[in-house]
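Residue numbers (our numbering), protein chains in the order written: chain A, 215 to 420; chain B, 51 to 210. Glycine included, every Cβ here is placed at the ideal spot set by N, Cα and C. Since the model is a prediction, treat every value here as computed from it, not as a measurement. In what follows, a single structure is set out as structure tokens and then discussed.
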């Protein structure tokens with residue numbers, strides 16, 4: 215056998231059984247919708263840590279969808295339940311420690327004629343996937359995440375407890391301003407493309 | 051020209067998976083890279099000269115995504131390569147040994163070696179896919195082969 219034949223035989227064991235056909239079409243359609251010329255309003259989400267798997271299982275009902283999402287730099291599978299009465303969704307996933315986490319959120323799109331349409335779970339997840347997230351870890355370090363990227367920004371806060379960072383996403387740079395509040399929270403605002411303030415104030419992270 | 055994404059998935063998903071896995075060494079990451087690569091093709095408006103152009107483009111995109119995954123700091127709870135290898139049905143112990151040895155090569159040698167020996171690309175084509183000079187490709191192939199020979203000895207022929 216030649217080296218090429220040996221190599222091909224060895225690596226021919228790498229076969230994937232995952233069905234990409236449906237996934238690719240679905241994900242591509244979701245991303246296309248995201249680019250539609252619609253104004254997006256009222257998207258708010260807060261992470262509520264906790265809840266047991268048992269409680270979650272007991273709560274299963276209504277329409278559920280499964281998505282692949284980036285959360286804290288990791289690819290996870292998120293289960294989304296349509297809360298029809300609340301006009302929003304409940305998102306749940308199990309993290310790498312085996313703890314179930316869930317949060318609620320929703321939003322509407324407003325077209326040129328002012329018609330409001332409830333955003334789909336896919337649109338919300340896509341928005342969540344493609345915008346920076348800030349959170350702290352158990353050691354109190356502050357992190358910023360964008361898809362698979364993670365950066366420790368704990369030491370980048372200035373004397374006024376403000377941190378400004380620029381983060382390159384897919385075809386867009388996000389300018390993120392994070393404030394360290396006295397109560398230990400880290401509210402932040404993120405703008406794609408152009409920051410409110412001078413770009414020079416922002417530390418480029420990648 | 052363009053081809054329907056479904057057709058390309060059928061033709062190339064295993065090649066892209068193998069290319070991605072040879073870099074990131076992880077099943078889930080490699081599968082995600084395959085998915086992301088085809089989504090990128092599906093949503094892009096690129097026009098291609100021929101089928102080979104499409105194939106090279108898909109492999110380049112997958113390699114770049116796999117490198118990005120490798121350089122991500124936040125990686126944990128990954129299935130060790132040794133554990134995954136136990137699930138693979140190698141034809142012979144020599145095949146398993148070769149696979150394991152290649153996966154231990156430094157990433158830059160491993161990538162060039164994989165494109166040469168598995169995808170049948172020549173030096174010029176590899177240079178185009180990796181966006182490096184032909185002399186650089188030759189150096190990586192030469193160094194990679196030397197490391198393979200040192201480890202595999204008589205199981206790997208002199209073929210330079």
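Of the candidates 73/B, 171/B, 191/B, 195/B, 171/B places its Cα closest to the Cα of residue 102/B. Separation of residue 153/B and residue 196/B (C-alpha to C-alpha, rounded to the nearest whole angstrom) is 15 Å. C-alpha of residue 319/A to C-alpha of residue 143/B: approximately 53 Å in a straight line. In the three-state scheme derived from DSSP, where H, G and I count as helix and E and B as strand, residue 137/B is classed as coil. Annotation: Cβ neighbours of residue 241/A in chain B (cutoff 8 Å, chain order): 85, 89. Look at residue 223/A: its C-beta is under 8 Å from a C-beta on chain B. At least one CB atom of chain B sits nearer than 8 Å to the CB of residue 217/A. For the pair residue 341/A and residue 360/A, the CB atoms are not nearer than the 8 Å cut-off. DSSP, read as helix, strand or coil, puts residue 292/A in strand. Taking the beta carbon of residue 148/B as reference, the chain A residues within 8 Å of it are 220, 221, 224, listed in sequence order. Judged by DSSP secondary structure, residue 283/A falls outside any alpha helix (DSSP H) and instead within the beta strand (DSSP E) spanning 278-285.
The three-state secondary structure of residue 357/A, taken from DSSP, is strand.
For residue 370/A, the closest C-alpha among the options 391/A, 217/A, 332/A is that of 391/A.
The beta carbon of residue 194/B sits closer than 8 Å to the beta carbons of 155, 159, 160, 162, 163 from its chain, once the five residues preceding and following it are set aside; these are given in chain order. When Cβ-Cβ separations below 8 Å define contact, residue 228/A makes contact with chain B.
Looking at the backbone, the Cα of residue 136/B and that of residue 233/A are separated by about 23 Å. The beta carbon of residue 292/A sits closer than 6 Å to the beta carbons of 281, 283, 305, 307 from its chain, once the five residues preceding and following it are set aside; these are given in chain order. The beta carbon of residue 348/A is closer than 6 Å to those of 358, 392, 400, 402 in its chain, skipping five residues each way along the sequence. Residue 305/A has 294/A, 317/A as its beta-bridge partners, per DSSP.
In this structure, DSSP gives residue 367/A a state outside helix and strand, which the three-state scheme calls coil. In the DSSP assignment, residue 406/A falls outside any alpha helix (DSSP H) and lies within the beta strand (DSSP E) extending over 402-406. In its chain, beyond the 5 residues on either side, 70, 83, 86, 87 have a beta carbon closer than 8 Å to the beta carbon of residue 115/B. The stretch 169-185 of chain B and the stretch 225-239 of chain A do not touch, with fewer than 3 CB-CB distances between them shorter than 8 Å. Membership of residue 378/A in any alpha helix (DSSP H) is not indicated; the residue belongs instead to the beta strand (DSSP E) covering 376-382.
Not a single C-beta of chain A is nearer than 8 Å to the C-beta of residue 116/B. For the C-beta of residue 103/B, not a single chain A residue is nearer than 9 Å; the gap to the nearest is close to 20 Å. Under the three-state reduction of DSSP output, residue 392/A falls in the strand class. A Cβ-Cβ contact shorter than 8 Å links residue 389/A with residue 405/A. When DSSP states are grouped into helix, strand and coil, residue 93/B belongs to the helix group.
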